[in-house]
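Student: Just passing along the structure, written as structure tokens.
Numbering (this note's numbering), first residue to last: 3 to 233.
What follows is the structure, given as structure tokens:
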């Protein structure tokens, strides 16, 4: 059995996958509480399947880009499970796994995530090799028509106001999919990771790292007369 872990935004997504296909899937809103809720959520999923961690042969994890805290928690947990259980580890870039949901359209797929006032996006064409037509980059929504100049699926994890902004720049031949229909599914991450697992495309837990398109913004400690942080 493979367990897939997606913590790249304010949700936790978990899925179990095996030779029969998808076994279970859960996603729930946690805000920034990934470290508190991830392992209890995994235990709950395994109980529903009437099994335990000893059944895990592989762990797939969403590598980012996305929430710095969420990705850090997800990747470190996946690596710990792989080490502790002797399980295979498969890292999948977040936007690639998301884009796979729309491969059946037969069109290029552009997936987008917020990045402060900007967005991070990538374009995938699953009819060609390599599938990544435009690598992950930070930019603005108004840049998309120049980068995706023809029919395409546009999806991602944007709040409603940013979706409306996107629609103002959208081409008429784009298929724009957001909301529940465009929500990233851990089941697809699991399916991608399972395919790589059975074909031997696994990662080394010692070297696998999260994927950030730019360094995380860290606020330095506040300085006071008493030193950093106050008395």
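All residues carry an ideal CB built from backbone N, CA and C; glycine is no exception.
Computed from a predicted structure; not experimentally measured.
Considering residue 126, what are the terminal residues of the alpha helix (DSSP H) in which it resides?
Tutor: No alpha helix (DSSP H) contains residue 126, which is instead part of the beta strand (DSSP E) from 120-126.
Student: Just the Cα atoms here: how many angstroms apart are residue 43 and residue 22?
Tutor: 22 Å
Student: Rounded to whole angstroms, what's the CA-CA distance from residue 27 to residue 194? Just pull it up for me.
Tutor: 14 Å
Student: Could you spell out the range, first to last residue, of the beta strand (DSSP E) harbouring residue 141?
Tutor: Bounds of the beta strand (DSSP E) holding residue 141 are 134-141.
Student: Is the region 87-97 touching the region 55-71 in the sense that three or more CB pairs, one from each, lie closer than 8 Å?
Tutor: yes
Student: Does the Cβ of residue 31 have 16 or more other Cβ atoms within 10 Å, making it buried, or fewer, making it exposed?
Tutor: exposed
Student: List the endpoints of the continuous alpha helix (DSSP H) containing residue 147.
Tutor: 146-149
Student: Check the C-beta distance from residue 159 over to residue 115 and give it rounded, since I have them as a contact under 8 Å.
Tutor: 5 Å
Student: For residue 48, I'd like the list of residues in its chain whose CB is within less than 6 Å of its CB, leaving aside the five on either flank, ordered along the chain.
Tutor: 54
Student: Under DSSP, the alpha helix (DSSP H) around residue 42 begins and ends at which residues?
Tutor: First-last of the alpha helix (DSSP H) with residue 42: 36-50.
Student: Considering residue 163, what are the terminal residues of the alpha helix (DSSP H) in which it resides?
Tutor: 162-171
Student: Would you call the region 199-215 in contact with the region 171-184, where contact means no fewer than 3 C-beta pairs closer than 8 Å?
Tutor: no
Student: Using the three-state DSSP reduction, which class does residue 13 fall into: helix, strand or coil?
Tutor: If DSSP states are grouped into helix, strand and coil, residue 13 belongs with the strands.
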